Amino acid sequence: MATRKEKRVQPAPVARLEPDAHAERAERVDKGAVQSVERALDLLEAIADASSPQGLSQLAAAAGLPLPTAHRLMQTLVHRGYARQEPSRRYTLGAQLIHLGDIASRLLGAWATPYLAELRDFTGESANFAILDGNEIVYVAQAPSRHQMRMFTEPGRRVLPHCTAVGKALLAELPQNRVQTIISQTGLPARTNRTITDPEAFLIHLKTIHRQGYAIDEGEQEVGVRCLAVSVPNAITPSAISVSGPAARMTAEHVEQSIPVLHEVATKLSISLASGDAHR
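Heads up: the sequence shown is residues 0 to 279, going by numbering that gives the first Met the number 0.
Spelled out as structure tokens, the structure:
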């Protein structure tokens with residue numbers, strides 16, 4: 000850690016509980032959602048959550064649908080390019096989602112950039128916005144530092160979550176069974192000699208992050224770089240913001256001063272995304 004005495008600057012986040020998927024779907028339909036659209040999205044999310052091609056019976060069970068209904072919906076999704084059926088007759092996500100995802104990522108990045116600029120101007124360091132996509136962290140936007148020596152992360156870059164501050168901040172807010180699934184599929188490969196590679200030690204580390212409300216990357220992704228991150232509260236897609244810079248500038252005092260500002264900006268971004276009001 001960058002500072003030997005950890006200071007709580009805000010109450011620890013409330014742990015998220017895993018909702019009952021079928022009850023949640025019923026509640027959405029009761030609120031006026033279009034049932035067929037809900038069901039089609041449930042099937043796409045079931046494929047994404049599995050991270051591997053799925054058979055029709057597996058998808059129907061995951062979405063809580065009768066087999067004939069799941070079959071009709073999947074045929075439509077395949078026809079429109081949002082799903083693809085392999086020779087094994089299992090289904091995977093289709094290429095049309097790449098197009099939509101690319102546009103959505105650019106729009107989300109443009110939305111977040113003014114908030115990142117506010118964070119950059121206060122801390123003096125590069126500010127980043129990232130989301131969890133499957134088992135990877137995707138950087139969506141950055142407001143680069145004005146220092147000549149600065150950290151630059153190109154939007155669209157993908158990294159594993161265990162060795163980045165944004166990734167650890169996100170994982171610390173997820174249910175433990177989902178975290179275990181992610182790290183079992185990706186492993187905990189060492190990027191530097193500071194990377195945590197032991198699963199048990201990593202889970203303990205996430206509990207500390209959850210309790211204190213922020214995560215620090217101490218050269219775990221890149222030697223000589225320190226990064227400080229917090230999760231964006233109540234985000235539909237797990238998201239986090241961070242500031243990163245050379246460890247020589249990101250001192251213990253700088254980190255301590257930056258934590259409350261990160262929380263403030265994360266809350267503003269969360270409210271803006273929920274309300275649909277862009278930053279002015």
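Built from N, CA and C at the ideal position, the CB exists for glycine as well.
Keep in mind that this is a model prediction, so the values were computed, not measured.
| Item | Value |
| --- | --- |
| GLU217 in three-state terms, based on DSSP | strand |
| Cβ-based neighbour list, HIS21, same chain, cut-off 7 Å, excluding 5 preceding and 5 following | Here HIS21 scores only 48 on pLDDT, less than 50, and its place in the model should not be relied on; the value that follows carries that caveat. Cβ within range, chain order: GLY63. |
| DSSP three-state assignment for ASN176, whether helix, strand or coil | helix |
| Euclidean distance between Cα positions of LEU96 and LEU107 | 16 Å |
| Contact belief for ALA214 with ALA171 at Cβ below 8 Å, rounded distance in angstroms | 7 Å |
| GLN256 versus SER271: straight-line alpha-carbon distance, rounded | 24 Å |
| VAL36 - DSSP class collapsed to helix/strand/coil | helix |
| Nearest neighbour of ASP101, chosen from CYS226, SER241, VAL139 [CA to CA] | VAL139 |
| PHE128 - DSSP class collapsed to helix/strand/coil | strand |
| Between the CA atoms of ARG157 and ALA251 - distance to the nearest angstrom | 28 Å |
| Whole-angstrom distance between GLN184 and GLN74, CA atom to CA atom | 29 Å |
| Contact between the stretch 137-151 and the stretch 104-123 (3+ Cβ pairs under 8 Å) | yes |
| Inter-residue spacing [alpha-carbon to alpha-carbon] between PRO320 and ASN176 | Only positions 0 to 279 of the chain appear in the structure, and residue 320 is not among them; the question remains open. |
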